[in-house]
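Student:
There are 2 protein chains.
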Amino acid sequence: MASNDLLKGMLKPIILKLLFENGRMYGYEITQLVKEISGGEIELTFGALYPILHKLELEGIVKTESEVINNRNRIYYSISQKGSGKAKEKIEEFEEMLKTLKIFFKPNFGLKYELFGQ
Amino acid sequence: MASNDLLKGMLKPIILKLLFENGRMYGYEITQLVKEISGGEIELTFGALYPILHKLELEGIVKTESEVINNRNRIYYSISQKGSGKAKEKIEEFEEMLKTLKIFFKPNFGLKYELFGQ
DNA sequence: AAAGATATATAACTTTCTTATATATACTCG
DNA sequence: CGAGTATATATAAGAAAGTTATATATCTTT
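In structure tokens, the structure reads:
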């Protein structure tokens, strides 16, 4: 339930990663999967999701297919062939960032400070 | 040098963690340490840093001491005794979020990580 | 019939970051 | 001795990325 400010900047990489791994997905499906995978910790709201998807589509990284299922319109999003490289790049960039963050949040990293020392 | 949008929401936890581990630090020192620890990947700008520090001070989590060193004013920031619990809480909350993110992105524990290993 | 799940989307607002600007001292190099 | 770099704190304008609220509509369960 805590979809707090901690999420800023992480949602786009998460969405890209999910599309990359799972092929085509529709919006509602993405929110449910994120909730499930995170054990309910990350609540991806529609107000955050759709602007991201639309922007990715505009950038040509994501493509859409519309289908009518159970009388309701459903829009599938997937990484476009053209945008595949860029998507992978963004995902890897974020994974690098996570590695960097780990250095800060390792227990006992205070030792590092002595190198910089005064 | 990419201190891009990927950082959103992560700066406050990083700053809190640094103050928690290293005791009192001054602003400029914090920016330099972040740059060094991250291998230049995270560039903490003053425009981001000082508003965060001031807000933390207003919340009572951080306290300040002013000293004149080399004819220049220097302001030391540190976790206040009163704010210690809250700071720890925020740090742990962020560490939980990092664990959750790991589920989405399987980070391979690279060289950097093992250097600082447990 | 009402409530909840499924489904997409926009608008108003807030927070948080980047970029630019202001101020001022100390040190180093040519 | 002047220029540039490093040290030091801070604010303001603007952009980006979220939250919350709202709108619409169908299907399923109680």
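Protein chains in written order, with my numbering: chain A, 222 to 339; chain B, 222 to 339.
Yeah, the Cβ is synthetic: ideal placement off N, Cα and C, and Gly gets one too.
Counting contacts by CB-CB distance shorter than 8 Å, is A:T321 in contact with chain B?
Tutor: Yes, because at least one Cβ of chain B sits closer than 8 Å to the Cβ of A:T321.
Student: Give me the chain B residues within the contact set of A:F241, using Cβ-Cβ distance strictly less than 7 Å, ordered along the chain.
Tutor: None at all; the shortest Cβ gap to chain B is about 11 Å.
Student: Would B:P272 be called buried (16 or more neighbouring beta carbons within 10 Å of its own) or exposed?
Tutor: Looking at its Cβ environment, which holds fewer than 16 other Cβ atoms inside 10 Å, B:P272 is exposed.
Student: Any beta carbon of chain A sitting closer than 8 Å to that of B:I251?
Tutor: So, not an interface residue.
Student: Mind pulling the chain B residues with CB within less than 7 Å of A:M246?
Tutor: Within 7 Å Cβ-Cβ: nothing; A:M246 doesn't reach chain B, min ~14 Å.
Student: Give the list of continuous alpha helix (DSSP H) stretches no shorter than 4 residues that lie fully inside the region 263-307 of chain A.
Tutor: Qualifying alpha helix (DSSP H) stretches, in chain order: 267-279.
Student: Need the endpoints of the alpha helix (DSSP H) that A:E248 sits in, please.
Tutor: In the sequence as presented, Glu is not what sits at residue 248 of chain A; that position holds Gly. Taken as a continuous stretch (DSSP letters only), the alpha helix (DSSP H) holding A:G248 covers G248 to I258.
Student: Closer than 7 Å to a non-hydrogen atom of the ligand SAM - does that hold for the CB of A:I273?
Tutor: Summarising the ligand content, the structure contains no ligands, and the ligand SAM is consequently not present.
Student: For the alpha helix (DSSP H) containing B:L237, name the first residue and the last one.
Tutor: Run containing B:L237: L232 to N243, per the alpha helix (DSSP H) assignment.
Student: Between B:K229 and A:K229, how many whole angstroms is the CB-CB distance? I'm expecting something under 8 Å.
Tutor: B:K229 to A:K229, Cβ: 3 Å. Contact.
Student: Would you kindly work out how many angstroms separate the C-alpha atoms of A:Q302 and A:T285, rounded to a whole number?
Tutor: Their backbone Cα atoms lie some 12 Å apart in a straight line.
Student: Check whether the region 236-252 of chain A touches the region 297-312 of chain A, taking contact to mean three or more Cβ pairs, one atom from each stretch, closer than 8 Å.
Tutor: Contact holds: three or more Cβ-Cβ distances are below 8 Å.
Student: Are the region 256-267 of chain A and the region 303-319 of chain A touching, with three or more C-beta to C-beta distances below 8 Å?
Tutor: Judged by Cβ distances under 8 Å, the region 256-267 of chain A makes no contact with the region 303-319 of chain A, as fewer than three pairs qualify.
Student: So what does DSSP say about B:F326, is it helix, strand or coil?
Tutor: Of the three classes helix, strand and coil, the one that applies to B:F326 here is coil, per DSSP.
Student: By alpha-carbon positions, which one of A:I324, A:K233 and A:F325 ends up nearest to A:E278?
Tutor: It is A:K233 whose Cα lies nearest to the Cα of A:E278.
Student: Could you compute how far the alpha carbon of B:G281 sits from the alpha carbon of B:G304?
Tutor: So the two alpha carbons sit approximately 6 Å from each other.
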